[in-house]
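A.B. asks: Below is a structure I'd like to ask you about.
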Amino acid sequence: MPGRIAIHLNDDTVCERRMDIGLRLAKERGAEVVGIYPSASVAGLRQDENILPQEIRTTLRKQRDEHLEATRTRFLDKARDLGVQAHWRVPHGDAEESLTLHARYCDLLIMSKAGVNDSPASLRPNLPEAVVMASGRPVLLLPNHGAIDTIGRRILFCWDQRREAARAFSDAALLLRDCLTLTVLEIDRDDTLMRERDIREDDISDYCASLGYPTPRRLLKDSTGYGVGNVILNTATDTDADLIVMGAYGHSRMRQWIMGGATSTLLSTMTVPVLLSN
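In the numbering used here, the protein residues as written are -17 to 260.
In structure tokens form, the structure reads like this:
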């Protein structure tokens, strides 16, 4: 597992869930953690506070400071109780820029989608996707609901032969070494291209074997009438996957799924963590 895991901390409704899962993962893999609490989730909303009366501005800032300190205490106390080395950072400025920069000093950043009761001031919509695209580091996106007993024991890898998918496979290397089962899912595969480029049917299996990974179960599926996102989520359920590994924006249809109108619904209701990489 990575030597350093970053956890996005904030005043959103699923922050505690991220904290607990991230610390547990660090404990299991022998990693240290960095808690990152951006001082301003959305710079524009913070600037808009200037139009409020001074008394209200003072109250809002006091509430944020109190929550920040309470989060810091819980984070460091929990890390100490687990025997995990922890660091605390409070970057100033835009949350996306802060998380993007800090992610580059870590091997993995743990984030969540905004919950149904979260305001944009707590957690900006599509913040994880923006950080994935800008940081150059993998983001582990956690579902907001459902028990997460394990992460990375039963991995579903979405393979489309593109750069982004290859990067995700590499970024997930240390998780893949410890997984018990590995499923490689190919959607709408271009068999003509494979023949022309002399890509062999067993190349992905042979590559996994050379790295010491489990022999993958390989699945070929057609997204016609279903959509790429639905095929991935249905396959994750069918294979009892506890982690989906996929490249961000590798396939044109996958790009549409991640950034299109279905994104918020799918990623907010998913029950399996997703490791995204670009």
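Glycine residues also receive a C-beta, built at the ideal position from the N, C-alpha and C atoms.
Rounded to a whole number of angstroms, what is the C-alpha to C-alpha distance between T(-5) and P255?
C.D. replies: Each residue's alpha carbon lies about 17 Å from the other.
A.B. asks: Can you grab the Cα-Cα spacing for the pair C88 / V15, in whole Å?
C.D. replies: In a straight line, the C-alpha of C88 is about 9 Å away from that of V15.
A.B. asks: Find out if the Cβ-Cβ distance for the pair A77, P20 is shorter than 8 Å.
C.D. replies: Contact flag set, yes.
A.B. asks: Taking Cβ to Cβ, would you say L257 is nearer than 8 Å to L138?
C.D. replies: No, they are not a contact pair.
A.B. asks: Looking at C-alpha atoms only, which residue of A155, C140, A129, L201 is the closest neighbour of A230?
C.D. replies: Considering only alpha carbons, the answer is C140.
A.B. asks: Look at the alpha carbon of D188 and the alpha carbon of D153, and state the distance between them as a whole number of angstroms.
C.D. replies: Approximately 19 Å, taken between the alpha carbons.
A.B. asks: Compute the beta-carbon to beta-carbon distance between I18 and S80, rounded to the nearest angstrom, for a pair I have assumed lies under 8 Å.
C.D. replies: That belief holds up - the Cβ atoms of I18 and S80 are roughly 7 Å apart, short of 8 Å.
A.B. asks: Drop a sphere of 10 angstroms on the beta-carbon of A155, count the other beta-carbons inside from all chains shown, and report buried for 16 or more, exposed for fewer.
C.D. replies: By the 10 Å Cβ count, A155 comes out exposed.
A.B. asks: Let me know the secondary structure DSSP gives K203 once reduced to three states.
C.D. replies: K203: strand per DSSP, three-state reduction.
A.B. asks: Starting from A61, trace the alpha helix (DSSP H) both ways and give me its first and last residue.
C.D. replies: Where A61 is concerned, the enclosing alpha helix (DSSP H) stretches over 36 to 64.
A.B. asks: Let me know if L193 comes out buried or exposed under the rule of 16 or more other beta-carbons within 10 Å of its beta-carbon.
C.D. replies: Exposed.
A.B. asks: Starting from T82, follow the beta strand (DSSP E) in both directions and report where the run begins and ends.
C.D. replies: First-last for T82: 77 to 85, but that is the alpha helix (DSSP H), not the beta strand (DSSP E).
A.B. asks: Between which two residues does the beta strand (DSSP E) containing E168 stretch?
C.D. replies: Unbroken beta strand (DSSP E) run through E168: 163 to 169.
A.B. asks: Could you name the residues that DSSP lists as bridge partners for M263?
C.D. replies: With the chain covering -17 to 260 only, the question about residue 263 has no answer from this structure.
A.B. asks: Check this for me: beta carbons of E263 and L202, under 8 Å apart or not?
C.D. replies: Residue 263 cannot be examined here, being either before or after the span of the chain that is shown, -17 to 260.
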